[in-house]
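Comments concern the structure below.
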Amino acid sequence: MAGAEKRRSGSGDQTEGLVLGELPEQQCPPSFEMSVTSVHRSGFGDLILIGRDQTGALRRAVVPGRVVPRDPSVAEWWRLTGIVRVHPAYGEQLHVHLALPLMPRGRALVRYLATDKRFIGVGWATAEKLWAALGDEIYGIIQSRDLGQLAAVVGADKAVSITDGFGLLADEIDVFRWLDRYGVSPRVAGTAASLWGLQAIERIKADPYALTLLEPWPEVDARALRLGLALDDPRRLCAAVEEALAIRFRQGHMAAPTAVVNLMVERLTAPLRSKAGTALKIALGNGRVVSLHNDLVQSRACQFMESEVTRLFGERLRRSREIVDATSVAHAIEQVEADAGYQLTALQREAVFMATSSGLGVITGSAGTGKTTVVRAILRASEARRGALPAADQDGYEYPQVALAGRAVRRIAEATGKEATTIARFLHQIEGGRRLRRGLMIFDEASMLDTPSVYRILSQIPSEVDLVFIGDPAQLPPIGPGLLFQSMVAAEAIPQVALDIIHRQADQTGIPGVAAMIRAGSVPALRTFNPSAPLAPGVFMVQAGPDDIATKTIGVFRSMCGPAPAPGQAERLHELDVQILAQTKNGPAGAKALNQRIEAEYMARQMPISDWGLRVGSKVIWLKNDYRKSPLRDASGSPKLDPLTNEPTFAGFMNGAIGCIRRPDRDGAWVSFDDGTEDTIGAVDLEKLTHGWAISVHKAQGSAFRRVILPITRSRLLDRTMIYTAVTRAIETVVLVGEPDVIGDAIRTTPKSIHRATGLRLDGLLDEQQLGSESGLE
């Protein structure tokens, strides 16, 4: 677990066998070949391989994931090299530092053919029949691709399957061996083989810098130069340009100014500093990068993504639309008004009509302007529109809502009563076979969406699915690259409505008014936080110098949460819903240090979970998408099965989900998250989560909490968008902790974080005359 101590001992699960740290080494052969009979995963992610060597002796090996090009399978042969240590429970086991697959040997072929998925249609009976007929001769027959002899025993189809499967394995082994000699790490070799197959060798021979897709530039460059590539080799110069653009991409940019690229190329190709201009010319000349407007250059991949997004947006604006009955839309709005107990504003009503009459639309507005109410009306009006169609045409309409954060998903699902899911889960569903035919898709908290994520979705859904993007462009830009939503807001060709009235219900807290001032660059006058009334609604200030921001942040947390809960009473903390939003992970006022202090103080009396650094009641945040968590169940509690594969289906744990450790479990601990998912976690999952009392502002985008504490320190990350985003995460109470001058300067200064280089040009999607003629409203 990030932030929790990992200790390995020999008293763990008897099946998996946790690895000991320092054990006596034995003078045994450090290398052997083994036919794998079983594969297990230890509590800390290592692979435990059990099998028999060439002599038939039983062997056990501990294999870290980083030293294998791919996970071994049962019945495969592997050459393993390492150090033999003695485990107190399992005896001798090889701690592997090099592992490579081999061709099967002897009768192990039977198990390999029967169990490996690459041999389609071949089971135990076929494998035994083949061995009985051909024995060891089968290896030469397969190598020579003698389909006739194989077909005489198992039939033509299975003969082809067997020879093709062995051909793929042989190619894979050749790639792994060659890349190992070339000095490529096993995991990178495995990825190269899966991407390029046998062509990986020729591809890397032709251009060693092809591996910059998979390895850091310094490693690839040093290896290429060590093998004799000249400093001014065109392949090196071109790769340096691509690496410069890749660095910019990781920084959030979809493009880069020429001058910036040249400067970065000079640094990457040192000591050869005079060839930057030549490098860019080479890269432009061979089409690896493209030149854009305003002296920008862009990688071919980024150019393709942005051009596809532009094209797919344009398709929706240009296609003909059914005529929308304005009366039915107005009736839908009246129904939502009746449910809400108040009337929609003129702009809210306009937003509903716009969204139901255009294939693409944008709705913007700051906190408290009623965007969620508008979404409810849009969905109601869309259903009314479908209901007006002939019965034969009503099938296939769907109205998915997506957002980046789990809490945002739960909020919009509860507010609208309709399906909602995270972007990551929706992409997983699409890539797993889900197909939309037509309908309306709503992107909530759209300011957080990076260009690649939206491209991936748009490329998988038909243009008959209308799109509505809803968000606040004044928030932090996406963590990923691009400024898609901000570009959409700036594009006159895209229909859009900006909501500007803060509703009385939300304004009672004072949060929307303060947020509006911050959004405009004005410094609000904040009341001093009163520890005697810590849960009072509003936006408050605690003055603190650089050295005591962390201490005073913990003090505010104590005021809001009270003393540490009694054993078994930690749920009270979660009901208060107090969230610290930190700018950074490290430092005294960073998320890591604050989490450690709160966990130590507030969870001290709760039941520990093994030696994980977690207790029952610990607040956690999940850090990596895991699609094999939280099995879906039907009304009877039985697992839901995929209709195509008959395998269990899972909701999955999504990156950024915030949850709570509920109880110990037979295999570890039971955890539930704010998006409704829950499941058991084990020691192997600890690297995927960390404490969640304090999280970054970026992680909080799209979420909402009753009470937010914001420690503010002077840093390069601090700007107006950071403070505005954090303040608008709160429903009732916000407390800013820091120096007033630092906070004021950040609010007044135009943020640099939103000035990202991009090649996206949305102004020419559709001219106004054409847009007006296709609006579809009566």
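Numbering (UniProt numbering), first residue to last: 1 to 778.
No residue lacks a Cβ here, since even glycine has one placed at the ideal position from N, Cα and C.
Are the CB atoms of residue i and residue j nearer to each other than 7 Å?
| i | j | result |
| --- | --- | --- |
| D667 | G682 | yes |
| L689 | L623 | yes |
| R111 | A75 | yes |
| T758 | A255 | yes |
| L379 | Y399 | yes |
| V497 | M354 | yes |
| I754 | I712 | no |
| I470 | D444 | yes |
| E337 | L347 | no |
| A384 | A332 | yes |
| M448 | P478 | yes |
| D719 | P751 | yes |
| I120 | S161 | yes |
| I661 | A669 | yes |
| R145 | T126 | no |
| L710 | M541 | no |
| P458 | L312 | A quick correction: the sequence has Leu, not Pro, at residue 458. In contact: L458 and L312 (Cβ atoms closer than 7 Å). |
| I430 | Q401 | no |
| V62 | Q93 | yes |
| M34 | R60 | no |
| L476 | G365 | no |
| P588 | A544 | no |
| G165 | R118 | yes |
| R376 | T416 | yes |
| D295 | P257 | yes |
By DSSP's criteria, residue i is part of a beta bridge. Which residues make up the other side?
| i | result |
| --- | --- |
| V620 | G659, H691 |
| D665 | G668 |
| G56 | Beta-bridge pairing links G56 to no other residue. |
| residue 788 | Lying outside 1 to 778, the shown extent of the chain, residue 788 is not represented and no answer is given. |
| T364 | G471, A498 |
| D680 | Checking the displayed sequence, the identity of residue 680 turns out to be Thr instead of Asp. W670. |
| A256 | V297 |
| F705 | A730 |
| W78 | M34, P101 |
| residue 784 | Nothing can be reported for residue 784: it is not among the residues displayed for the chain, which extend from 1 to 778. |
| A61 | L49, L94 |
Identify the continuous beta strand (DSSP E) that holds residue i and give its terminal residues.
| i | result |
| --- | --- |
| L47 | 47-53 |
| L211 | From DSSP, L211 is part of no beta strand (DSSP E); its letter is neither H nor E. |
| H574 | Counting along the chain, H574 falls outside any beta strand (DSSP E), though it belongs to the alpha helix (DSSP H) covering 571-576. |
| L765 | Element bounds for L765: n/a, residue is neither H nor E. |
| T356 | Note, T356: premise wrong, no beta strand (DSSP E); alpha helix (DSSP H) at 346-357. |
| S291 | 289-291 |
For residue i, is the classification buried or exposed, using 16 other Cβ atoms within 10 angstroms of its Cβ as the cut-off for buried?
| i | result |
| --- | --- |
| D685 | buried |
| E22 | Here the model assigns E22 a pLDDT of 35, short of 50, so the residue's position is not dependable, and the following value carries that caveat. The residue in question, E22, is exposed, as its Cβ has fewer than 16 Cβ neighbours within 10 Å. |
| R504 | Unreliable positioning characterises R504 in this predicted model, as indicated by a pLDDT of 45, which lies under 50. The coordinate reading is nonetheless provided below. Burial call: exposed. |
| T645 | exposed |
| H293 | exposed |
| G277 | exposed |
| R226 | exposed |
| R66 | exposed |
| K640 | exposed |
| Q486 | buried |
| L484 | buried |
| L762 | buried |
| F249 | buried |
| E25 | Reliability fails at E25, whose pLDDT of 43 lies under 50, so the model's placement of it is uncertain and the value that follows must be treated cautiously. By the neighbour-count rule (16 or more Cβ atoms within 10 Å), E25 is not buried but exposed. |
| P512 | buried |
| T356 | buried |
| D157 | exposed |
The alpha helix (DSSP H) spanning residue i covers which residue range?
| i | result |
| --- | --- |
| D466 | Careful: D466 lies outside any alpha helix (DSSP H), inside the beta strand (DSSP E) at 465-471. |
| L312 | 300-318 |
| M607 | From DSSP, M607 is part of no alpha helix (DSSP H); its letter is neither H nor E. |
| S453 | 451-458 |
| K371 | 371-387 |
| W124 | 124-134 |
| F485 | 484-490 |
| G432 | Premise fails: G432 is in no alpha helix (DSSP H) and is neither H nor E. |
| L113 | 108-115 |
Item to check | Complete alpha helix (DSSP H) runs within the segment 162-196 (minimum length 4 residues, chain order) | outcome: The alpha helix (DSSP H) runs lying completely inside the segment 162-196 and spanning 4 residues or more are 186-196, given in chain order.
Handout entry: Secondary structure, alpha helix (DSSP H): runs of 4+ residues fully inside the segment 511-550
Key = Along the segment 511-550, the alpha helix (DSSP H) occurs as fully enclosed runs of 4 or more residues at 511-519, listed in sequence order.
Q) Unbroken alpha helix (DSSP H) runs of length 4 or more, entirely within the segment 707-732: which are they? A) 720-727, all fully within the segment 707-732.
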